[in-house]
Amino acid sequence: MIIYKSPSEVDRIRMAGRIVAGTIDRVLSKVRPGVTTAFLDSVAEEYIRERGATPSFKGYRGFPASICTSLNDEIVHGIPSEKRVLREGDLLSLDFGAIWEGFHADSAVTVFVGDPPSSEAEKLVRVTEEALEAGIAQIRPGGRLSDISHAVQQVVEGAGFSVVREYVGHGVGRNLHEDPQIPNYGPPGRGPEMRPGLVVAVEPMVNVGDWPTRVLADDWTVVTEDGSLSAHFEHTIAVTEDGHEVLTARG
Ligand code: MG
Ligand code: MG
């Protein structure tokens, strides 16, 4: 069941979104070779708590950290660790969530540690962000939910990459993950009609190789089955009277 948000509820998600955006900027300023993913997690948690918010992910279904840090062939849900030291050329996906007055916002970015290791890796990151923007461009009252899915898939497959099937975007509100699910693939013109008060997280996960995934023995980290590189971008977006508003937009 889709839970539509009142304007004051959207205000609270917007505030959570601002804190998430600030957290991303702070953490990205610390990304460099030699830093551990556990350090980035501590930077994020401190930033979120200093602003009176709570990390969405810590304790979520037992997740042990405040952010997800997924390297190279890891797609999503990587666990920050003192043992994971960033190296020049790593592809680092960072996923963030914060709760403000009971409401979540959710956003992810992918960056290189130092310079990109290849032009293909650079293209992967660019295309994944473009796919997110194409999906967001479909968000407006009267549109159908799968218009987002289709737009993402077109950009990704048009560039010769594949979209992950097993993990999808979602509604956001009092719960981190609410209805509706938003796949990153499919035909346009299907699913519920979008209307004001709908708040969604759109999050393409894009692989250089094929789309199948598997989960590592830690029961969290999702990797590409073929070992190819993967990137992930995500924003939380509200449907407004005349279009949409990206609630996790960064300066
Ligand atoms: Mg996320
Ligand atoms: Mg999400």
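Under this note's numbering, think of the first position of the sequence shown as 35, with each following residue one higher.
Just so it is clear, CB atoms sit at the ideal spot from N, CA and C, and this is done for glycine as well.
Looking only at its chain, what residues have a beta carbon closer than 6 Å to the beta carbon of residue i, apart from the 5 residues adjacent to it on each side?
i: R199; result: W245
i: A55; result: T282 and R284
In terms of alpha-carbon separation, which member of the options lies closest to residue i?
i: H43; options: S262, V206 and D181; result: Sequence check: residue 43 is Glu here, not His. Ranking S262, V206 and D181 by Cα distance to E43 puts V206 first.
i: P222; options: Q188, I53, E212 and V233; result: Q188
i: P230; options: T57, A272 and V190; result: A272
i: I36; options: G225, A132 and E84; result: G225
i: D129; options: E279, L210 and P214; result: L210
i: D253; options: G86, P98, F73 and E122; result: P98
i: E116; options: V249, E108 and T103; result: T103
i: F195; options: V69, T274, A155 and N241; result: N241
Can you give me the Cβ contacts of residue i inside the same chain, cut-off strictly under 7 Å, excluding the 5 residues immediately before and after it?
i: N106; result: D124, L125 and L263
i: R121; result: P67 and V147
Going by DSSP, name the residue or residues bridged to residue i.
i: Q215; result: H204
i: A235; result: H204 and T270
i: W134; result: F137
i: V249; result: V256
i: T103; result: L128
i: E227; result: R178
i: F146; result: L125
Regarding residue i and ligand 2, is the C-beta to nearest heavy atom distance less than 7 Å?
i: H297; result: An answer regarding residue 297 cannot be provided, because it is not within the stretch 35 to 285 covered by the chain.
i: E237; result: yes
By Cβ distance, which residues of its chain are closer than 8 Å to residue i, with the 5 residues on each side in sequence left out?
i: V186; result: A165, L166, A168, G169, V197, N218, Y219, V236 and P238
i: G136; result: R46 and R208
i: K64; result: F73, L74 and V77
Is residue i close to ligand 3? I mean its beta-carbon at under 7 Å from any heavy atom of the ligand.
i: H204; result: With respect to small molecules bound, the structure shown includes ligand 1 and ligand 2 and not ligand 3.
Inset, instruction - Using the beta-carbon of each residue, find all residues closer than 5 Å to any heavy atom of ligand 1 and list them in chain order. - result: Any heavy atom of ligand 1 within less than 5 Å of a residue's beta carbon puts that residue on the list, which reads D129, D140, A142 and E268.
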